Amino acid sequence: MASRLEIFSPEGLRIDGRRWNEVRHFRCAINTHPVSSDGSAIIEQGNTKVICNVIGPVEPTLRSRVVPDRVSISVKVVIAPFSTIDRRKRSQNDSRMQEMCSSIQHVFEDAVIAHLFPRSQIDVNLYVVAQDGGVMQACINATTLALIDAGVPMYDYVCACTAGMLDREVLLDLNRIEESDMPFLTMATIGSKRKVALLQLEMKVQFDRLEPMMAASMSGCHHIRDLMDNEVRKHGKSRLERGSL
Amino acid sequence: MPRDLTPSTIENTFVLKALTERIRLDSRSFNQLRDLDISFSSTEYGVVDVKLGRTRVIARISAEITQPYADRPYDGLFIIATEISPMAAPTFEAGRKSEDELVISRIVEKSIRRSGALDTESLCIISGEKCWAVRADVHFLDHDGGLMDAACIAVSAGLLHFRRPDITIEGVGSRREVIVHPITERVPVPLAVLHVPVCVTFSFFDVRRASSAISGRTRNDEAKDVDDDDVEEEDDSSVAVLVDATLQEELLRHGYMSVTANTNREICQIQKGGDMPVDVGVLLSCSEAAIMVAEKVTKLINKRLKEDGARRNVGNLLVEARAENDR
Numbered sequence: 221m222a223s224r225l226e227i228f229s230p231e232g233l234r235i236d237g238r239r240w241n242e243v244r245h246f247r248c249a250i251n252t253h254p255v256s257s258d259g260s261a262i263i264e265q266g267n268t269k270v271i272c273n274v275i276g277p278v279e280p281t282l283r284s285r286v287v288p289d290r291v292s293i294s295v296k297v298v299i300a301p302f303s304t305i306d307r308r309k310r311s312q313n314d315s316r317m318q319e320m321c322s323s324i325q326h327v328f329e330d331a332v333i334a335h336l337f338p339r340s341q342i343d344v345n346l347y348v349v350a351q352d353g354g355v356m357q358a359c360i361n362a363t364t365l366a367l368i369d370a371g372v373p374m375y376d377y378v379c380a381c382t383a384g385m386l387d388r389e390v391l392l393d394l395n396r397i398e399e400s401d402m403p404f405l406t407m408a409t410i411g412s413k414r415k416v417a418l419l420q421l422e423m424k425v426q427f428d429r430l431e432p433m434m435a436a437s438m439s440g441c442h443h444i445r446d447l448m449d450n451e452v453r454k455h456g457k458s459r460l461e462r463g464s465l
Numbered sequence: 413m414p415r416d417l418t419p420s421t422i423e424n425t426f427v428l429k430a431l432t433e434r435i436r437l438d439s440r441s442f443n444q445l446r447d448l449d450i451s452f453s454s455t456e457y458g459v460v461d462v463k464l465g466r467t468r469v470i471a472r473i474s475a476e477i478t479q480p481y482a483d484r485p486y487d488g489l490f491i492i493a494t495e496i497s498p499m500a501a502p503t504f505e506a507g508r509k510s511e512d513e514l515v516i517s518r519i520v521e522k523s524i525r526r527s528g529a530l531d532t533e534s535l536c537i538i539s540g541e542k543c544w545a546v547r548a549d550v551h552f553l554d555h556d557g558g559l560m561d562a563a564c565i566a567v568s569a570g571l572l573h574f575r576r577p578d579i580t581i582e583g584v585g586s587r588r589e590v591i592v593h594p595i596t597e598r599v600p601v602p603l604a605v606l607h608v609p610v611c612v613t614f615s616f617f618d619v620r621r622a623s624s625a626i627s628g629r630t631r632n633d634e635a636k637d638v639d640d641d642d643v644e645e646e647d648d649s650s651v652a653v654l655v656d657a658t659l660q661e662e663l664l665r666h667g668y669m670s671v672t673a674n675t676n677r678e679i680c681q682i683q684k685g686g687d688m689p690v691d692v693g694v695l696l697s698c699s700e701a702a703i704m705v706a707e708k709v710t711k712l713i714n715k716r717l718k719e720d721g722a723r724r725n726v727g728n729l730l731v732e733a734r735a736e737n738d739r
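Quick mapping for you: the protein sequence lines, in order, are chains A and B.
The opening position of the first sequence corresponds to residue 221 in this note's numbering, with each subsequent residue numbered one higher.
The opening position of the second sequence corresponds to residue 413 in this note's numbering, with each subsequent residue numbered one higher.
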């Protein structure tokens, strides 16, 4: 057995057998929790699994959350203790988590047509059931689908994808092992254009390497957009056939 | 609870209208930084006062000897404390972390600590037993926008300026002893700073949104506009990109991105929050601009360090007394 994991083999294969530009197995479903929430979705990207519940638009529960000209969105992320190999309870007040919540919130405040629902609120609850890299991207993708299911009007799909840089090789949609080994960025695009809603890079990378990383993650985002669009249309069709619209 | 600062509608339209005519209220050009002033304390090492326009930040670096974490016996400790008190602006509450504060502290943390600006392995004294714990306390004294940029410059400059007391280890095995030589006795040692990260914040203004707001159309028309325009190809001219926004511009902007770069043409951190979607090309050119700013700021830091060194080194005594000199 090799003593060190080979992140990218000379044959051009990654640890889980993908090529550099392949996203992980992507499975999604919408309207998974029709009773508990107005919109719901499950996303699986490789071994990362996120459930999203959307409640709203409803009347604000707190007076402080009333915004006179737009809808207020709040995002909560719960990470299940069993989501990683070592089981431990994570606090909600971790600054990383808070930052993630506020980033997701800002993404959707500009993606949702917010002025249609003045003085109302939308609650987004995300449950990370299993994490294997790319938690942020899975959360954003799940929120998009759940908001669509809830019938909240949006300008376009918000899709997120990661891309990393190993020496000179760009790798798309990293898993946990790859994420810990190289600088990577998370990008969220809106629609199928070159519009970037969110961009996060946490580790040092040469400037020249930035452009290929961004190009790769953008193509990943567009690919994921197509996959999610297929699922939404398939779901819409099946509902139309059942006549339960 | 103190209320957020909310600019009036008149202020909003005025600033935006000026921006559509490519004018900033303080008569800077879009890619111009405010006057940056860096001064070091004359008595203490590692105390930096950074003034970026009317924003003022003081950073103080200190070091003490502690025990390293059990899982990283070879690493020293490096902590950055960025608590914003109501002294900076009335919107900040003591003891309660606001969202802005969270973003600022995370960005400073990522820019400096996670990018490895300070070599923590060099802080190790005896592995698993003793190490230096370097602490950077950032005090925000006045808030006129660009707190994270100023904080990042202050900490970077502070790390370069700071000197820790020299130490020697005596004895062998378990009876090793660490002797700390006070700075009056031996020339203190600089920290191992690997690179100088400089954070630059770019503010995005949607000029098109601004022009429709000025012409007095309702939000619904505006939304329709956005829908229509999404179909056609976007051009970069609809986005105004401002470097180093003042507080007023910060409150009115539609989106922002902060990039941390250094003189090695490396990008240490990018944080573009979810506000206003922007074309990739714009983001890339911002990153490139950040490198230029980083070069300029680093040059200024080095210049000030040199001046400070010359002031301290009266009669060339510090050079003569260095430990690495030939005897």
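Every residue gets a Cβ at the ideal spot worked out from N, C-alpha and C, and that includes glycine.
Keep in mind the model is a prediction, meaning the values are calculated, not measured.
Within its chain, find whatever has a CB closer than 6 angstroms to the CB of residue i; leave out the 5 residues flanking it on each side and keep chain order.
i, result
"Ala358(A)", "Ile263, Gln265, Thr268, Val270"
"Thr532(B)", "Asp487, Gly488, Phe490"
"His442(A)", "Ser412"
"Phe451(B)", "The amino acid occupying residue 451(B) in the given sequence is Ser; Phe does not appear at that position. Once the five neighbours on either side are set aside, the close Cβ partners of Ser451(B) are Asp461."
"Leu431(B)", "Phe617, Ala652"
"Arg547(B)", "Ser474, Ile491"
"Val391(B)", "A question about residue 391(B) goes unanswered here, because the residues of chain B that appear run from 413 up to 739."
"Phe246(A)", "Gln265, Leu447"
Roughly how many angstroms lie between the CA atoms of residue i and residue j, to the nearest whole one?
i, j, result
"Ala702(B)", "Ser670(B)", "9 angstroms"
"Gly354(A)", "Ile444(A)", "13 angstroms"
"Gly570(B)", "Ser453(B)", "10 angstroms"
"His593(B)", "Tyr481(B)", "25 angstroms"
"Arg631(B)", "Val462(B)", "For Arg631(B), the pLDDT reaches just 45, beneath the cut-off of 50, and the residue's location in the model is therefore unreliable, leaving the point undetermined."
"Met317(A)", "Val348(A)", "12 angstroms"
"Ile227(A)", "Ile524(B)", "27 angstroms"
"Ala635(B)", "Asp330(A)", "Since pLDDT at Ala635(B) reaches only 47, below the 50 mark, its modelled position is unreliable, and the value read off the structure follows with that caveat. Whole-angstrom Cα-Cα distance: 12 angstroms."
"Pro485(B)", "Ile477(B)", "14 angstroms"
"Arg665(B)", "Leu225(A)", "46 angstroms"
"Leu447(A)", "Lys454(A)", "11 angstroms"
"Glu513(B)", "Leu712(B)", "27 angstroms"
"Ala417(A)", "Val469(B)", "30 angstroms"
"Phe552(B)", "Val327(A)", "28 angstroms"
"Glu451(A)", "Ile368(A)", "11 angstroms"
"Arg598(B)", "Ser586(B)", "26 angstroms"
"Val298(A)", "Asn345(A)", "8 angstroms"
Anything in chain B within Cβ reach of residue i, meaning under 8 angstroms, just list it in chain order.
i, result
"Lys269(A)", "Chain B residues near Lys269(A): none, gap ~23 angstroms exceeds 8 angstroms."
"Glu319(A)", "Leu514, Val515, Arg518"
"Ala383(A)", "Correct list: empty, because the minimum Cβ distance to chain B is about 12 angstroms."
"Leu405(A)", "Ile682"
Keeping to the same chain, check which residues put their C-beta closer than 8 angstroms to that of residue i; ignore five residues upstream and five downstream.
i, result
"Ser223(A)", "In this prediction, Ser223(A) scores a pLDDT of 48, lower than 50, which makes its location untrustworthy; the coordinate-derived value is nonetheless stated afterwards. Closer than 8 angstroms at the Cβ level, and outside the excluded window around Ser223(A), lies no residue."
"Ala383(A)", "Val390, Leu391, Leu392, Asp393, Leu394, Phe404, Leu405, Met407, Met433, Met434, Ala436, Ser437, Gly440"
"Ile407(B)", "As displayed, chain B neither begins before 413 nor continues past 739, which places residue 407(B) out of reach and without an answer."
"Val243(A)", "Gln265, Cys381, Leu392, Asp393, Gly440, His443, Ile444"
"Gly232(A)", "Arg239, Trp240"
"Glu423(B)", "Gln660, Leu664"
Just the chain A side, please: which residues come within less than 7 angstroms of residue i by C-beta, in chain order?
i, result
"Asp687(B)", "His326, Asp330"
"Ser454(B)", "What Ser454(B) touches in chain A: nothing, since even the nearest Cβ is about 34 angstroms away."
Output, in chain order, the set of chain A residues within a Cβ distance shorter than 8 angstroms of residue i.
i, result
"Ile679(B)", "Leu421, Lys424, Val425, Gln426, Phe427, Leu430"
"Leu696(B)", "Leu430, Glu431, Met434"
"Met669(B)", "Leu419"
"Val619(B)", "None at all; the shortest Cβ gap to chain A is about 16 angstroms."
Short of 7 angstroms in beta carbon distance, which residues of its chain neighbour residue i, apart from the five on each side in sequence? Order them along the chain.
i, result
"Arg429(A)", "Met385"
"Leu445(B)", "Val655, Asp656, Val705"
"Val601(B)", "Arg575, Arg576, Asp578"
"His482(A)", "Only positions 221 to 465 of chain A appear in the structure, and residue 482(A) is not among them; the question remains open."
Which one or two residues does DSSP pair with residue i in a beta bridge?
i, result
"Ser292(A)", "Gln341(A)"
"Lys542(B)", "Ile538(B)"
"Lys269(A)", "Glu264(A), Ala350(A)"
"Arg247(A)", "Glu264(A)"
"Gly667(B)", "Phe616(B)"
"Ala548(B)", "Ile473(B), Ile492(B)"
"Ser451(B)", "Asp461(B)"
"Val274(A)", "Gly259(A), Val344(A)"
For chain D, find out if any of its Cβ atoms is closer than 8 angstroms to the Cβ of residue i; answer yes or no.
i, result
"Val274(A)", "Of the protein chains in this structure, namely A and B, none is chain D."
What residues from chain B crowd round residue i, counting only those whose CB sits closer than 7 angstroms?
i, result
"Arg238(A)", "Neighbours of Arg238(A) on chain B: none; closest Cβ ~24 angstroms, over 7 angstroms."
"Asp410(A)", "In the sequence on display, residue 410(A) carries Ile and not Asp. Per Cβ cutoff of 7 angstroms: Pro689."
"Ser323(A)", "Gly685, Gly686"
Could you name the residues of chain B that residue i contacts, counting a contact when the two beta carbons are closer than 9 angstroms?
i, result
"Ser315(A)", "Lys509, Leu514, Ser517, Arg518, Glu521"
Exercise. Of all the alpha helix (DSSP H) runs that stay within the bounds of the segment 348-427 of chain A, which reach a length of 4 or more residues?
Worked result: 355-369, 396-399
For this session: Just list the beta strand (DSSP E) runs in the segment 454-502 of chain B, keeping only unbroken ones of 3 residues or longer that don't cross its boundaries, in chain order.
Result: 459-464, 467-478, 489-494
Problem set entry | Segments assigned beta strand (DSSP E), at least 3 residues, entirely inside the segment 672-720 of chain B | 678-684
Exercise. Enumerated in chain order, which unbroken segments of the alpha helix (DSSP H) with a length of 4 residues or greater are wholly contained in the segment 549-623 of chain B?
Worked result: 559-573
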